[in-house]
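Here's the structure we're looking at; comments come further down.
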Amino acid sequence: MKKIMLVGRSGAGKTTLTQAMKGKKISYHKTQYINNYDVIIDTPGEYAENKTLSRALVIYSYEADVVGLLMSAVEDYSLYSPNIVSMATRPVIGIVTQIDRENARVDLAAMWLELAGCKKIFYVNSIDGEGVGDILNYLREDWDVLPWEKEADSVQSAAECSKTGEKSADGCMEAAGAAPGTEEAV
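Residue numbers (the numbering used here): 10 to 195.
Laid out in structure tokens, this is it:
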């Protein structure tokens, strides 16, 4: 999976999106430093809130394959200068967050991201997962197997084994998640 660096102001939803993309329970905590997960770099909001955002994009984007500029749909103004993505050395996508909020202005947030130079824009509600799968599919490499695909393969393989009646064949049990030589799926 391509590595993504999430950039946005405090409260834009970077940490919540990170948790949603990793399939974790959503819980808020303030990001104090760069959290470098396997494929997600969650940056503190202060990176986007000061005049050195373009410098931060240049310096830190080398660690990622893709940069995601987050913009909450309830923002009153844009932190991003027009065409700021030209400073990045990686592809930059726009991510409109909090699209479920009552006072959301999704079109305005998307317009600001387009003005910043984002060619591709995603719309997400990290709480219920809307749009998160679209981002994961965008970041997916040809050889990636996503966690829910592994689970679906195991269930399908177990169903095929039960149809043939093979309860103890190592191949069927391995496909169902059991270790070779055991009859118990995990």
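Virtual Cβ for every residue (Gly too), placed ideally from N, Cα, C.
{"Check": "Residue 147 - containing alpha helix (DSSP H), residue span", "Outcome": "141–148"}
{"Check": "Distance, residue 76 Cα to residue 14 Cα", "Outcome": "5 Å"}
{"Check": "Extent of the continuous alpha helix (DSSP H) run through residue 23", "Outcome": "23–30"}
{"Check": "Beta-carbon proximity of residue 93 to residue 144, cut-off 8 Å", "Outcome": "no"}
{"Check": "Uninterrupted beta strand (DSSP E) stretches inside the stretch 76–115 (no shorter than 3 residues)", "Outcome": "101–106"}
{"Check": "Expected contact under 8 Å - CB spacing of residue 150 and residue 11 to nearest Å", "Outcome": "7 Å"}
{"Check": "Whole-angstrom distance between residue 83 and residue 112, CA atom to CA atom", "Outcome": "6 Å"}
{"Check": "Residue environment, residue 136, which counts as buried when at least 16 other CB atoms sit within 10 Å", "Outcome": "exposed"}
{"Check": "Whole-number beta carbon distance between residue 70 and residue 98, since they are thought to touch under 8 Å", "Outcome": "5 Å"}
{"Check": "Rounded straight-line distance, which links the Cα of residue 74 to that of residue 50", "Outcome": "11 Å"}
{"Check": "Rounded C-alpha distance that separates residue 25 from residue 125", "Outcome": "23 Å"}
{"Check": "Three-way DSSP call (helix, strand, coil) for residue 120 in this model", "Outcome": "helix"}
{"Check": "Residues bridged to residue 129 [DSSP beta-bridge criterion]", "Outcome": "102"}
{"Check": "Residue 23 burial status per 10 Å Cβ neighbour count (16 or more: buried)", "Outcome": "buried"}
{"Check": "Buried/exposed call for residue 138, threshold 16 Cβ in 10 Å", "Outcome": "exposed"}
{"Check": "Cβ-based neighbour list, residue 20, same chain, cut-off 6 Å, excluding 5 preceding and 5 following", "Outcome": "none"}
{"Check": "For residue 132 and residue 148, the rounded distance between their alpha carbons", "Outcome": "15 Å"}
{"Check": "Residue 14: first and last residue of the uninterrupted beta strand (DSSP E) it sits in", "Outcome": "13–16"}
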